[in-house]
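Following our numbering, the numbering of the sequence shown begins with 726 at its first residue and continues without gaps. Written out below as structure tokens is the structure these notes cover.
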Amino acid sequence: MEEIKNNALYIGGVRAQDLADQYGTPLYVYDQGVLENKLEQFIRSFRSDRFKTTIVYASKAFLCTAMARLADRYGIDLDVVSGEELYVARQAGFPMERIVFHGNNKTLDELKAALEYGVGTIIVDNAQEARRLASLPVSKPTTVLLRVNPGVEAHTHEYIVTAHVDSKFGVLKDETDAIAAIIDCVEANPNLRFQGFHAHIGSQIFDRNAFKAEIETMGRFLAGMKQKTGRVFPILDLGGGFAATYTSEDAPIPVKEVGPFILEQCAAIDDEYDLGLERILIEPGRSIVAEAGYTLYRAGYTKTTPHKRYVFVDGGMSDNIRPALYQAKYRAEAAEKMNEEKTETYCIAGKCCESGDIVIENAALPPIETDDILVVYTTGAYGYSMASNYNLLRIPAVVFVKDGRSSLVVRRQTLEDLVARDAGDAL
Ligand SMILES: *Cc1c(COP(=O)(O)O)cnc(C)c1O
């Protein structure tokens, strides 16, 4: 957790200014204690006497080998969406049978790699993928789920909603003939075990009724599929989307309540429709890593325009695209002026060549001087993982902190990295 001593911010017992000085800025800092706490909270909250339960960390929120190993340490499985994420998981030594492989357009090479490595669960997205997967040699029993679009919209920012009827993800729940055909197709391969369905209704979901609606919809869907096929589907994967607290306006459902709530709803549909559910999966991403993450920037110049007061930082949309992409809101402080009165309102802007390169539109801060360290909170999800080399800014380093110590888990890109892939000359 963070504390303030003598006006200075400490994260995981390490002074933020010292981290900035030692590792440079911009810098992604993760409080490992908070990460561990979140992993443990999910494990503790998502337990049931009735169902087997599995927590699958949606690695797209933040993945590096250190994070994969940390999830493994807590017995949390890993969801990957690409051969690249799969590669990092494998490099981390993550047990392949505990990988869940997602994605709406897994290539032939990706499917082959998954089968060769022994990925435990493959989530099929569509009929063509099912056909392709089933045509491949599978050497050991592999669980297959089908992603279904339940048509439930979680009311977050519309760009993040994935479950509308025209979503690119999954097969619409009403297309039961097509779904039955996909199941037959998968099971034509003797080592592919079709076990159930997956749904994911969005991100940064605050309203538990969204999950209730998802589960009730899946209950009716499963009842229909049971009737249609004469069999039960023991695994139900409900996806992720659990919210994190970015600003004081956000009030997510506490993790310790969300697990029991979901399991209760699952028991209710299982009872109502006699579904034979055995295992329930959830796939939290953001809610595990967001609040553990901080970004440290060094302030550069300030500029006053007719209606605004800017402070420029040494990163921006290249290390955090979310404000530009989703109008995401963040909170910031001056790391060495924590107790000073916030007399100013700054627009914290980055150094990229885009007017939309803004980190925080209106940040209340004490007067900022060049070289002050600014800390932006809750940047642990979809910051590093969506970082780019726009304007060829280098992707920042990632540091874990805990108990007064820090560990560099991803080094900053070097200038040499920026030309390392340049392979030849123009014709
Ligand atoms: C993105 C995603 C998640 C994780 O979402 P969060 O909002 O980060 O919890 C889980 N499952 C699937 C299929 C996803 O696409």
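Cβ coordinates follow ideal geometry from the N, Cα and C atoms, glycine included. Values in this document were obtained by computation on a predicted structure and should not be read as measured data.
Closest Cα partner of residue i within the set the options
i: E941; options: M1111, F986 and G966; result: F986
i: R1137; options: K1127, P1121 and F1125; result: P1121
i: V1038; options: L833, Y782 and K1028; result: K1028
i: A879; options: E939, G738, G895 and E822; result: E939
i: I978; options: L1002, L947, R856 and A935; result: A935
i: K1054; options: T1103, K785 and S1043; result: T1103
i: H923; options: V813, V849 and R1047; result: V849
i: G1081; options: K1067, A1049, E1058 and E1065; result: A1049
i: V983; options: A1106, I780, Y755 and G758; result: I780
i: F894; options: V911, G927, A745 and L947; result: G927
i: N874; options: N914, R1023, S892 and R945; result: S892
i: T972; options: H889, V1101 and A993; result: V1101
i: F776; options: E997, S1110, Y1115 and L961; result: L961
i: C1078; options: G1041, G1105 and A733; result: G1041
i: R945; options: D899, P959, Q920 and D1044; result: D899
i: A1107; options: I1046, G1075 and T1095; result: Note on identity: in this sequence residue 1107 is Tyr, with Ala being the wrong assignment. It is I1046 whose Cα lies nearest to the Cα of Y1107.
i: Y842; options: S860, G828 and Q816; result: Q816
i: D709; options: K1033, A1088, M943 and Y1022; result: Look at the range of the chain in this structure, 726 to 1152, and you will see that residue 709 is not part of it.
i: G876; options: E810, H889, L1002 and S773; result: H889
i: A814; options: K837, V844 and N830; result: V844
i: G808; options: A793, Y799, Q747 and F826; result: F826
i: D834; options: G949, A1074, R872 and R857; result: R857
i: C991; options: A793, D804, P820 and K937; result: K937
i: D804; options: E727, H925 and V1123; result: H925
i: I801; options: D1097, L1140 and G1010; result: G1010
i: L1182; options: M726, E761 and A783; result: Because the chain is modelled from 726 through 1152, residue 1182 falls outside the range shown and cannot be assessed.
i: C1072; options: Q747, D1044, K1033 and S1110; result: K1033
i: M821; options: A852, A786, N829 and T868; result: T868
i: I1098; options: E727, M726, L752 and A1112; result: L752
Exposed unless 16 or more other CB atoms sit within 10 angstroms - verdict on residue i
i: T846; result: buried
i: G1149; result: exposed
i: T887; result: Legend: pLDDT at T887 = 47, less than 50; position of this residue unreliable, no value from coordinates given.
i: E989; result: exposed
i: N731; result: exposed
i: S1131; result: buried
i: V1144; result: exposed
i: G965; result: buried
i: R740; result: buried
i: I1093; result: buried
i: E810; result: buried
i: R872; result: buried
i: R769; result: exposed
i: I729; result: exposed
i: A1160; result: Coverage of the chain is limited to positions 726 through 1152, which leaves residue 1160 absent and any answer about it impossible.
i: S860; result: exposed
i: T1070; result: exposed
i: Y884; result: With a pLDDT of only 32 at Y884, under the threshold of 50, the placement of this residue in the model should not be trusted, and no figure is reported.
i: K763; result: buried
i: Y812; result: exposed
i: T1095; result: exposed
i: Y1026; result: exposed
i: L744; result: buried
i: R1151; result: One detail in the question is off: residue 1151 reads as Ala in this sequence, not Arg. Exposed.
Residue i Cβ short of 8 Å to ligand 1 heavy atom set
i: A741; result: no
i: Q816; result: no
i: G923; result: The sequence given here places His at residue 923; Gly does not occur at that position. Yes, Cβ of H923 sits closer than 8 Å to a heavy atom of ligand 1.
i: D932; result: no
i: K831; result: no
i: H827; result: yes
i: P1009; result: yes
i: S892; result: no
i: S928; result: yes
i: K785; result: yes
i: G965; result: yes
i: G980; result: Rather than Gly, the amino acid found at residue 980 in this sequence is Val. Checking every heavy atom of ligand 1 against the Cβ of V980, none is found closer than 8 Å.
i: D804; result: yes
i: S860; result: no
i: V1012; result: Rather than Val, the amino acid found at residue 1012 in this sequence is Ser. Yes, the beta carbon of S1012 sits closer than 8 Å to at least one heavy atom of ligand 1.
i: A1106; result: yes
With a floor of 4 residues, list each alpha helix (DSSP H) that falls wholly inside the stretch 954-1031, ordered by position along the chain.
980-998 and 1011-1014
Which residue spans inside the stretch 753-806 form an unbroken beta strand (DSSP E) run of at least 3?
777-783 and 802-805
Would you mind listing the alpha helix (DSSP H) stretches within the stretch 829-855 that are 4+ residues and don't spill past its ends, in chain order?
833-842
Of all the beta strand (DSSP E) runs that stay within the bounds of the stretch 1024-1086, which reach a length of 3 or more residues?
1033-1038, 1057-1059 and 1069-1074
Complete beta strand (DSSP E) runs within the stretch 900-965 (minimum length 3 residues, chain order)
917-923 and 960-962
Identify every run of the alpha helix (DSSP H) within the stretch 1078-1147, keeping only runs that are complete inside it and at least 4 residues long; order them along the chain.
Counting only runs that start and end inside the stretch 1078-1147, the alpha helix (DSSP H) elements of at least 4 residues fall at 1140-1144.
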